[in-house]
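Colleague: Below are the structure tokens for one structure; questions will follow.
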Amino acid sequence: MLNWPAYAVWPEVKYLLQETVMSDMIVCDTRQLKVIPKLSIVVPVYNTSGFVEKTLSSFDKNGNNHIEIIIVNDGSTDNSVEVVQKWLDGYKGNALFISQENRGLSEARNTALRYARGQYISFCDSDDWLNEKAVLDSLAFAESADLDIVLYRSYVYDNQTKDSYPFYDAATWDHILGGELKKTVNIASHPQILSLEPNTNNRILKKDFFDKYITIFPVGIHFEDLTPHIVSLVNATKIGMIDTVGYFYRVNREGKITDQKSEKRFDIIKTAKELLQKPEVAALNGYQQYCVMSLVFKMIFWCGRYTTLSDRRRYFLQGVELFSAANSQIRSRLKTSLSFAARNREFILMLAFFNGATDFLTEYSTGKQTLSTKIKLLKAISTANIDVNKLIFKKALRFAKNKFGKRVVG
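So in this note's numbering, spot 391 of the sequence shown is number 693, and the numbers just go up one at a time.
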């Protein structure tokens, strides 16, 4: 292993230090600065010493001149830095390793983006891994068709059971692709893309496009991928989809934020409000609005299920408030979305939030589907001062006739 000093600087990259934020420290830079890569892959690292080697080993150790890997240590307190250094000893490609004080996932990504030189960018969390061939195929597709974004499929890997299975939006992928190996879409031709899972890591993006419409990842809040995900899809003229698994998402490992029951779950409500207030989102047509709402409700309810029981009712009170008369424009768009909802649970959740059925949501989130649970929703509907159109009323009757919770998706 190389015995690197605490602050190693290659002669050809000294100029970078003039633009470096003081808390950023360049640990290692093996990039050939005369060769501009086509793709910059960002890997934020925080206390993942048991997983980051798997992440980095998904790249060919001989490197690829079209790729640069930018690794940002976000103040790890375990031996993640040593694991990364050991891997870099045997890597012959273009890599930049930066260390900073702990500022969170978004800031680690933003730090890397300041150094990214590629025409395209992509991301990989340090407990997950990539299929490098799929990423390179996506890059070739993006270049050949001048695409703003290329999406590739994801797989889930359960760290406890060791099982693997398609990501949660696989059915939506199947519907959009329609059997094709790759496809160029946008929200006008295929609005269903707006309901795909908001994972920043399953795509490459043109950096100029990212800089124009997203700029940076939101700092100081969890579930930070939702707003950039929707904003990028809404503003993209051409989006590629490739029917190849490019990303492997690890779940059920100790310390993973999205597996924790904590106050952090409340952040999704703030994030959803910020997203739904975006002008470009507010301007979407009815069915496009529904696709966004479908994703938002799935995330809000999912996060609610993973709050502690003592926090559960307070969480859903805040969620209901988001769609109350106090936020009239958002509420109006929810009412429109109700007319498009085709899946039972989706319709039930939208109806519950629309009618302020906090008690129902609190109980339903525990998995209860008893008569008492149903009555809580029906009571909220019957006492709410709203104008329910005929379609919504028919769906409410269908729910009351014991089709509660069937054909659940997601």
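No residue lacks a Cβ here, since even glycine has one placed at the ideal position from N, Cα and C. All of these numbers come straight from a predicted model, not from anything done at the bench.
(1) Jot down the residue ranges of each uninterrupted alpha helix (DSSP H) in the segment 503-581, minimum 4 residues, whole runs only, in chain order.
(2) Count the other C-beta atoms from every protein chain shown that fall within 10 angstroms of the C-beta of Lys600, then say buried if there are 16 or more, exposed otherwise.
(3) To the nearest whole angstrom, what separates the beta carbons of Gly522 and Gly406, a pair I think is in contact under 8 Å?
(4) In three-state DSSP terms, what is Gly588?
(5) Please return the same chain residues whose Cβ sits closer than 7 Å to the Cβ of Asn537, not counting the five positions on each side in sequence.
(6) Are the beta-carbon atoms belonging to Arg333 and Glu370 less than 8 Å from one another?
(7) So Pro493 and Cys593 are in contact, right, with Cβ under 8 Å, and what is the actual spacing, rounded?
(8) Mind checking who Met595 pairs with in its DSSP beta bridge?
(9) Identify whether Arg419 lies in helix, strand or coil by the three-state DSSP scheme.
(10) Quick one: using the 10 Å Cβ neighbour count with 16 as the cut-off for buried, is His477 buried or exposed?
(11) Only counting the same chain, and skipping five residues up and downstream in sequence, which positions put a Cβ closer than 7 Å to that of Ser626?
(12) Since I believe Gly365 is in contact with Tyr393 (beta carbons under 8 Å), could you give me their beta-carbon distance rounded to a whole number of angstroms?
(13) Please confirm if the segment 596-613 is in contact with the segment 663-675, defined as three or more CB-CB distances below 8 Å between the two stretches.
(14) Would you kindly work out how many angstroms separate the C-alpha atoms of Lys435 and Leu636, rounded to a whole number?
(15) Please give the ranges of any beta strand (DSSP E) in the segment 381-435, keeping only runs that are unbroken, at least 3 residues long and fully inside the region.
(16) Report the three-state DSSP secondary structure of Pro493 (helix, strand or coil).
(17) Whose C-beta lies closer than 6 Å to the C-beta of Asp545 among residues of the same chain, with five residues either side of it excluded?
(18) Is the segment 500-510 close to the segment 435-444, with three or more CB pairs under 8 Å?
(19) With distances taken Cα to Cα, identify the nearest neighbour of Asp326 among Val598, Asp376, Val347 and Ser342.
(20) Look at the alpha carbon of Ala442 and the alpha carbon of Arg419, and state the distance between them as a whole number of angstroms.
(21) Quick one: using the 10 Å Cβ neighbour count with 16 as the cut-off for buried, is Ser684 buried or exposed?
(22) Would you call the CB atoms of Ile602 and Ile570 closer than 8 Å?
(23) Can you name the start and end residues of the beta strand (DSSP E) that Ser456 belongs to?
(24) Give the C-beta separation of Phe550 and Asn412 to the nearest angstrom, bearing in mind that I take them to be a contact with Cβ-Cβ under 8 Å.
(25) Could you pull the DSSP bridge partners for Tyr467 from this structure?
(26) Do the CB positions of Asn501 and Ile541 come within less than 8 Å of each other?
(27) At the level of alpha carbons, what is the spacing between Met324 and Tyr348?
(28) CA-CA distance, Trp475 and Arg455?
(29) Run through DSSP, which three-state label would Asn375 get?
(30) If we ignore side chains and look at the alpha-carbon of each, how far apart do Asp471 and Leu498 end up?
(31) Along the chain, where does the beta strand (DSSP E) that runs through Lys484 open and close?
(32) Mark Leu611 as exposed unless 16 or more other C-beta atoms lie within 10 angstroms of its C-beta, in which case mark it buried.
(33) Let me know the secondary structure DSSP gives Ile369 once reduced to three states.
(34) Among residues of its own chain, excluding the 5 on either side of Asp356, which ones have a beta-carbon nearer than 7 Å to its beta-carbon?
(35) Would you kindly check if the distance between the Cβ of Leu679 and the Cβ of Phe656 is under 8 Å?
(36) Using CA atoms only, rank isn't needed, just tell me which of Ile495, Ile372 and Gln387 is closest to Leu453.
Modeller: Judging by the given coordinates:
(1) 509-515, 528-537 and 569-578
(2) Lys600 is buried by the Cβ-count criterion.
(3) 7 Å
(4) In the structure shown, Gly588 adopts helical secondary structure according to DSSP, grouped into three states.
(5) Tyr515 and Glu582
(6) yes
(7) About 5 Å separates the Cβ atoms of Pro493 and Cys593, confirming a contact at the 8 Å cut-off.
(8) Beta-bridge pairing links Met595 to no other residue.
(9) coil
(10) exposed
(11) Cβ-Cβ distances below 7 Å link Ser626 to Arg633 and Gly658 in the same chain, with the five nearest sequence neighbours on each side left out; the list follows chain order.
(12) With a Cβ gap of about 7 Å, Tyr393 and Gly365 count as contacting.
(13) Contact check between the segment 596-613 and the segment 663-675: three or more CB pairs, one atom from each, fall below 8 Å, which counts as touching.
(14) 41 Å
(15) Within the segment 381-435, the complete beta strand (DSSP E) runs of at least 3 residues are 396-402 and 422-425.
(16) helix
(17) Leu479 and Leu483
(18) yes
(19) Distances from the alpha-carbon of Asp326 to those of Val598, Asp376, Val347 and Ser342 put Asp376 closest.
(20) 17 Å
(21) exposed
(22) yes
(23) Ile451 to Asp460
(24) The pair is not a contact, with the Cβ atoms about 24 Å apart (cut-off 8 Å).
(25) Tyr467 pairs with Val458.
(26) no
(27) In this prediction, Met324 scores a pLDDT of 48, lower than 50, which makes its location untrustworthy; the coordinate-derived value is nonetheless stated afterwards. Counting only the Cα atoms, Tyr348 lies some 19 Å from Met324.
(28) 8 Å
(29) It is a strand residue.
(30) 6 Å
(31) Lys484 to Val487
(32) exposed
(33) strand
(34) Before going further, note that residue 356 is Lys rather than Asp in the sequence given. Cβ within range, chain order: Trp431.
(35) no
(36) Ile495
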